[in-house]
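Undergrad: Have a look at this one before I ask anything.
Residue numbers (this note's numbering): 1 to 465.
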């Protein structure tokens with residue numbers, strides 16, 4: 001009892017900070033120590049602020065209900081991700097969603113389409129705290145079958161009251177006939193459909209629902225733009241976009257550039273484009289260029305191009321790993337263009353993509369700056385790639401960590417530099433710590449710079465964060 005009494009004299013702020021390192025299971029353990037800890041553990045945001053419903057277990061659902069109760073009306077995030085058919089979906093899971101809606105900041109709903117009416121009823125209440133919603137219905141063996149929202153009559157999404165809502169992500173959802181009041185101030189829209197989707201007309205109606213969109217992702221199959229010329233209000237909306245992500249068939253990507261004012265959009269992402277799509281995207285950029293190849297998600301990487309002195313214009317090409325092998329006809333044509341490579345001011349590449357892309361890279365015979373970004377920190381001392389990328393006219397070699405910092409062996413750095421160029425060049429080590437003799441580096445390189453800053457897509461250095 002003396003020990004407990006001593007602990008109880010500690011300030012609550014110390015407990016709160018300590019509990020921040022505990023997950024739900026650990027907080028439940030802490031709640032069994034004493035009544036004071038029970039109150040603090042169940043009141044901690046780690047216990048109630050992020051609710052994920054993904055199981056039909058009665059015990060788990062009871063716990064989720066208790067966690068939701070402990071939120072006591074405070075703002076939280078709520079995920080309902082259960083794509084099978086089960087009697088507990090309408091009986092216990094969706095009622096949890098209904099309780100969460102008035103307090104939710106973020107809602108993610110992924111359920112079988114059989115329960116659309118139940119979901120719609122849960123969403124037919126005011127959501128004054130909601131900032132983002134993601135909705136996907138699954139239709140049995142046809143998960144990409146488009147389904148209409150809303151389905152039932154007389155229901156109004158969020159009663160038209162979602163003043164903070166700024167992000168809507170809809171997957172294979174057909175919008176209703178009339179605009180939804182809760183969507184009118186949304187600025188980020190994900191409008192995703194299957195790559196088998198076919199549209200005769202460009203979906204102008206989408207912008208009746210989202211007239212203030214600034215960040216737009218559109219995913220689909222084919223669109224023939226049979227309704228051109230498009231209304232001026234549609235053109236004006238695209239002129240005002242800050243970010244656009246397009247994932248369509250190559251012919252449709254070309255049509256987007258022909259019929260919409262895309263060149264002024266600051267940042268664009270295009271997935272697996274053909275030659276026309278690539279050069280349409282690059283048209284507003286001016287040489288010399290900065291080229292980056294960076295890992296994005298496990299099966300995808302980005303090829304990013306910016307123009308020198310144009311930090312406000314960025315073009316990304318999202319590339320699937322499965323297309324990148326020797327002899328492939330589906331690699332990005334920029335990697336086969338020696339004329340483009342000759343106009344580069346810098347080339348940045350993640351080491352995780354080095355081996356895969358090495359046989360496919362163009363000639364870098366006149367490249368002035370090579371930025372090698374080490375994005376694998378699984379080893380205590382990182383190893384630089386063994387495959388050579390000759391850069392005969394290289395002026396500066398940059399080795400930088402993708403994360404906080406990384407260790408490099410001095411001898412390995414020298415060997416890597418020898419595989420790149422025989423010239424005595426400048427070396428920049430950005431968030432990279434050297435193991436071994438630094439004097440060896442001074443002998444091999446014209447100069448050695450140690451810095452906590454790193455280079456990004458536009459070839460400019462940024463302070464570490």
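Heads up, the beta-carbon is just placed ideally off N, CA and C, and yes, glycines get one too.
Every value quoted in this text rests on a predicted model; they were computed, and no experiment measured them.
Can you tell me whether residue 379 is helix, strand or coil according to DSSP?
TA: Coil.
Undergrad: Here's the rule I'm using: 16 or more other beta-carbon atoms within 10 Å means buried, otherwise exposed. How should residue 273 be labelled?
TA: It is buried - the Cβ of residue 273 has at least 16 other Cβ atoms within 10 Å.
Undergrad: Hey, out of 423, 350, 56, whose CA is closest to residue 390's CA?
TA: Residue 390 has its Cα closest to that of 423, out of 423, 350, 56.
Undergrad: From the DSSP output, in three-state form, read off residue 175 for me.
TA: The answer is coil: DSSP assigns residue 175 none of H, G, I, E or B.
Undergrad: Would the segment 201-209 and the segment 230-249 be scored as touching if the rule is three or more Cβ pairs under 8 Å?
TA: Because the criterion of three Cβ pairs below 8 Å is met, the segment 201-209 and the segment 230-249 touch.
Undergrad: In or out: residue 67 buried (at least 16 other Cβ within 10 Å) or exposed?
TA: Counting Cβ neighbours within 10 Å, residue 67 comes out buried, since at least 16 surround it.
Undergrad: Please state if the CB of residue 374 and the CB of residue 351 are separated by a distance shorter than 8 Å.
TA: Cβ distance < 8 Å, so residue 351 and residue 374 count as in contact.
Undergrad: Taking the alpha-carbon positions, what's the residue 3 to residue 34 distance?
TA: With a pLDDT of 49 at residue 3, under the threshold of 50, the modelled position of this residue cannot be trusted; read the value that follows with caution. One C-alpha to the other measures close to 12 Å.
Undergrad: Taking the alpha-carbon positions, what's the residue 90 to residue 163 distance?
TA: Taking the straight line from one Cα to the other gives about 28 Å.
Undergrad: Measure from the alpha carbon of residue 305 to the alpha carbon of each residue in 104, 120, 53, 341, then state which is nearest.
TA: The candidate whose alpha carbon is nearest that of residue 305 is 341.
Undergrad: Can you find at least 3 beta carbon pairs, one from the segment 394-413 and one from the segment 431-439, that sit closer than 8 Å?
TA: Yes: at least three Cβ pairs fall under 8 Å.
Undergrad: What are the complete beta strand (DSSP E) segments, minimum 3 residues, inside the segment 261-329?
TA: Counting only runs of 3 or more, we get 267-271, 289-297, 300-307, 314-320.
Undergrad: For residue 35, which three-state DSSP category applies?
TA: In the structure shown, residue 35 sits in a helix (DSSP, three-state: H, G or I).
Undergrad: In or out: residue 379 buried (at least 16 other Cβ within 10 Å) or exposed?
TA: Exposed, by the Cβ-count rule.
Undergrad: Am I right that residue 310 and residue 286 are in contact with their C-beta atoms under 8 Å? What's the rounded C-beta distance?
TA: Residue 310 to residue 286, Cβ: 6 Å. Contact.
Undergrad: Is DSSP giving residue 348 helix, strand or coil here?
TA: Strand.
Undergrad: When the Cβ atoms of the segment 166-184 are set against those of the segment 132-139, are three or more pairs found closer than 8 Å?
TA: Touching, yes.
Undergrad: Quick one: is residue 299 buried, meaning 16 or more other Cβ sit within 10 Å of its Cβ, or exposed?
TA: It is exposed - the Cβ of residue 299 has fewer than 16 other Cβ atoms within 10 Å.
Undergrad: So does residue 160 have its beta carbon nearer than 7 Å to some heavy atom of the ligand GTP?
TA: The ligand GTP is absent from the structure shown, which contains no ligands of any kind.
Undergrad: Report the rounded CA-to-CA distance for residue 159 versus residue 88, giving the unit in angstroms.
TA: Approximately 26 Å between the Cα atoms of the pair.
Undergrad: Taking only the alpha-carbon atoms, compute the straight-line gap between residue 214 and residue 271 and give it to the nearest angstrom.
TA: Whole-angstrom Cα-Cα distance: 20 Å.
Undergrad: Which word fits residue 348, buried or exposed, when buried means at least 16 other C-beta atoms lie within 10 angstroms of its C-beta?
TA: Answer is buried; the Cβ neighbour count reaches 16.
Undergrad: Which parts of the segment 61-110 are runs of the alpha helix (DSSP H), unbroken and 4 residues or longer, counting only runs that do not cross its ends?
TA: List check, alpha helix (DSSP H) in window: 94-100.
Undergrad: Nearest CA to the CA of residue 445: which residue from 451, 189, 452, 396?
TA: Considering only alpha carbons, the answer is 396.
Undergrad: Return the CA-CA distance between residue 448 and residue 388, expressed in angstroms with no decimal places.
TA: Taking the straight line from one Cα to the other gives about 22 Å.
Undergrad: I'd like the span of the beta strand (DSSP E) that includes residue 192, first residue to last.
TA: Counting along the chain, the beta strand (DSSP E) containing residue 192 begins and ends at 188-192.
Undergrad: Residue 1 by DSSP, collapsed to three states: which one?
TA: Caution applies to residue 1, whose pLDDT of 43 falls short of 50 and renders its modelled position unreliable; the value that the coordinates give is listed next. Residue 1: coil per DSSP, three-state reduction.
Undergrad: Ignore the nearest five residues each way along the sequence and tell me which others in residue 283's own chain have a CB closer than 7 Å to its CB.
TA: Taken in chain order, the residues that qualify are 263.
Undergrad: From the DSSP output, which residues share a beta bridge with residue 232?
TA: BP columns for residue 232 are empty, so no partner.
Undergrad: Alpha carbon to alpha carbon, how far is residue 478 from residue 218?
TA: Examination of residue 478 is not possible in this model, given that the chain is present from 1 through 465 alone.
Undergrad: Using the Cβ count rule (16 or more neighbours within 10 Å means buried), how would you classify residue 277?
TA: It counts as buried.
Undergrad: Going by C-alpha to C-alpha distance, which of 50, 361, 307 sits closest to residue 293?
TA: Answer by Cα proximity: 361.
Undergrad: Since I believe residue 245 is in contact with residue 269 (beta carbons under 8 Å), could you give me their beta-carbon distance rounded to a whole number of angstroms?
TA: Right, their Cβ atoms sit about 4 Å apart.
Undergrad: Excluding the 5 residues flanking residue 239 on each side, which residues of the same chain have their C-beta closer than 7 Å to its C-beta?
TA: Hits under 7 Å: 261, 264.
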